[in-house]
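Quick note: to get our numbering, add 9 to the position in the sequence shown (first position is 1).
First up is the structure itself, then whatever we jot down about it.
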Amino acid sequence: MTAPSAASSTRLAAAPEAVWAQVSHSAFVARWLGACLPAANWHLGLRLVGQDAQGQTLTLWATEVAPPASLSLRVQGAQGSNSLCLSIAGCVGGSRLTVLQGPLTTEPQSHHGLAHRLAQPLPALLQASACSSAEALQTAIAYLADSAALVDALRQAMPAHAGYTQPAGDRFSLVQHLWHLADVEQFGWAQRFARLLVEVDPVLPGVDGDALAVERCYQQQPWRAAARRFVAQRRRTLAALKRCDADTLRRPVHFSGQPGTGAEMLAALLAHDHEHRTEMATLWPPADA
10 MTAPSAASST RLAAAPEAVW AQVSHSAFVA RWLGACLPAA NWHLGLRLVG
60 QDAQGQTLTL WATEVAPPAS LSLRVQGAQG SNSLCLSIAG CVGGSRLTVL
110 QGPLTTEPQS HHGLAHRLAQ PLPALLQASA CSSAEALQTA IAYLADSAAL
160 VDALRQAMPA HAGYTQPAGD RFSLVQHLWH LADVEQFGWA QRFARLLVEV
210 DPVLPGVDGD ALAVERCYQQ QPWRAAARRF VAQRRRTLAA LKRCDADTLR
260 RPVHFSGQPG TGAEMLAALL AHDHEHRTEM ATLWPPADA
């Protein structure tokens, strides 16, 4: 397979979730490449072997899967390797699907690549204003979904014995970050946005993450189940957010003892994700791996 750079951007009259349902199946990628691939839904690490238009062997790996926002694949053919990246963004009247194909710049899920992705800043749209528009909400959902994808990538890349090195200044180790994210998602964020949808001016208590770290002995616990639990609980949060609109986010809430709105609560979640992603980036790769 040759490796030309190619790009396509298409506006579609369908919600991002509906577009993702098509894009996340191997048949869509097969049509784009003019190839023959086994039928499968993409998930992180999935490897498919098929044939290109000339009958040559074609191998694809899923290197990033962040529904309903993005899918990245490594494509290995007779002439070398490509990257194929598909992104979906909500827009007025539907979605915009962008497909980019070009040469690989880094190995997928390399140590440097994972740290770089963890350290990415919040998208400019989310820094500039509150999540009060449909576009901002979709951008927020994509960022939060990417956090789950990154934790899952870390889970697959880090040995079970690693991640316990604790930095100076009483900061969290990687293991403590993973446990904290899982507990705060389960006992906090996932419940908060579900209640925002069905309650009037809900009173949403905070979660004392530092106290939980001590009470639940994060640093002495195996961490893989916590990483999986965060991903599962984040799906609950995303499911609730996908049912929200601008009017929902304008609803009043009492969050951690303070009056506010759903949009302000979403901004707090984004800031929390960004804070932990940035700190985890400084700890990757783990010193005790």
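Ideal Cβ positions, reconstructed from N, Cα and C, are used throughout, including at glycine.
Since this is a predicted model, take the numbers as computed values, not measurements.
Return the CA-CA distance between V262 and A78, expressed in angstroms with no decimal places.
Taking the straight line from one Cα to the other gives about 28 Å.
Taking DSSP as the reference, what is the three-state secondary structure of E144?
Here E144 sits in helix by DSSP.
Here's the rule I'm using: 16 or more other beta-carbon atoms within 10 Å means buried, otherwise exposed. How should C253 be labelled?
Buried, since its Cβ has 16 or more Cβ neighbours within 10 Å.
Beta-carbon within less than 7 Å of Q60's beta-carbon, same chain only, minus the 5 sequence neighbours each way: which residues are those?
For Q60, same chain residues with a beta-carbon under 7 Å away, outside a window of 5 residues either side, are A44, C45, T66, L67 in chain order.
Let me know if L192 comes out buried or exposed under the rule of 16 or more other beta-carbons within 10 Å of its beta-carbon.
Rather than Leu, the amino acid found at residue 192 in this sequence is Asp. When all chains shown are included, D192 counts as buried.
Label Q147 either buried or exposed according to how many other C-beta atoms from any shown protein chain fall within 10 Å of its C-beta, with 16 as the threshold for buried.
The residue in question, Q147, is buried, as its Cβ has 16 or more Cβ neighbours within 10 Å.
Just curious, the beta strand (DSSP E) that F196 is in, first and last residue?
It is not in any beta strand (DSSP E) - F196 carries neither H nor E in the DSSP assignment.
Give a yes or no on whether the C-beta atoms belonging to P25 and I97 are separated by under 8 Å.
Taking 8 Å as the Cβ cut-off, P25 and I97 qualify as a contacting pair.
Spatial neighbours of A255 within its chain, please: CB distance less than 7 Å, with the 5 preceding and 5 following residues excluded, ordered by chain position.
Within its own chain, the residues whose Cβ lies closer than 7 Å to the Cβ of A255, once the five positions on either side in sequence are excluded, are S141, S142, A143, listed in chain order.
Would you list the residues sitting across from C45 in a DSSP beta bridge?
Partner(s): Q60.
How far does the beta strand (DSSP E) with R259 in it reach, from first residue to last?
First-last for R259: undefined, no H or E at that position.
By Cβ distance, which residues of its chain are closer than 6 Å to L93, with the 5 residues on each side in sequence left out?
Contacts found: L82, V84, Q110.
Classify Q229: buried if its beta carbon has 16 or more other beta carbons within 10 angstroms, exposed otherwise.
Exposed, by the Cβ-count rule.
Out of C226, V223, D210, R201, which has the shortest C-alpha to C-alpha gap to L275?
For L275, the nearest C-alpha among the options comes from R201.
Buried or exposed for P76, please, with buried defined as at least 16 other CB atoms from any protein chain shown within 10 angstroms of its CB.
Buried, by the Cβ-count rule.
Mind checking whether Y227 and Q175 have CB atoms under 8 Å apart?
Not closer than 8 Å, so no.
Using the DSSP secondary-structure output, state which residues sit across from C226 in a beta bridge.
BP columns for C226 are empty, so no partner.
Candidates V38, E73, L53, V74: closest to A62 by CA position
For A62, the closest alpha carbon among the candidates V38, E73, L53, V74 is that of V38.
Within 10 angstroms of the Cβ of E73, are there 16 or more other Cβ atoms? Answer buried if so, exposed if not.
Looking at its Cβ environment, which holds 16 or more other Cβ atoms inside 10 Å, E73 is buried.
What does the alpha-carbon distance come out to for the pair V28 and L106?
Distance between the alpha carbons of V28 and L106: 8 Å.
Check L68 in the structure and name its three-state DSSP category.
First, the residue type needs correcting, since residue 68 is Thr and not Leu in the sequence shown. Annotated three-state conformation of T68 is strand, per DSSP.
Distance check for G89 and L247, CA to CA, integer angstroms please.
Between L247 and G89, the C-alpha separation is close to 37 Å.
Beta carbon of A162, beta carbon of A290: below 8 Å?
One thing to note: A162 has its Cβ no nearer than 8 Å to the Cβ of A290.
Which of the three DSSP states is assigned to G86 in this structure?
The answer is strand: DSSP assigns G86 an E or B state.
Verify whether the separation of the beta carbon atoms of R259 and A272 is less than 8 Å.
A contact, by the Cβ cut-off of 8 Å.
Below 8 Å on the Cβ atoms is my guess for L57 versus P47; work out the distance and round it to an integer in Å.
Confirmed, about 5 Å.
Residue span of the alpha helix (DSSP H) that contains Q31, given as start and end:
25-32 is the span of the alpha helix (DSSP H), which, as asked, contains Q31.
Using 10 angstroms around the beta-carbon of D282, count the other beta-carbons present and answer buried if the total reaches 16, otherwise exposed.
Buried, because 16 or more other Cβ atoms sit within 10 Å of the Cβ of D282.
Between S265 and D217, what straight-line distance do the alpha-carbon atoms span, to the nearest angstrom?
Spanning the alpha carbons of S265 and D217 requires a straight line of approximately 10 Å.
Close-in-space but distant-in-sequence residues of the same chain around R243 (CB under 6 Å, 5 per side omitted):
Residues A157, E194 of the same chain have their beta carbon placed closer than 6 Å to that of R243, with the five preceding and five following residues left out of the count.
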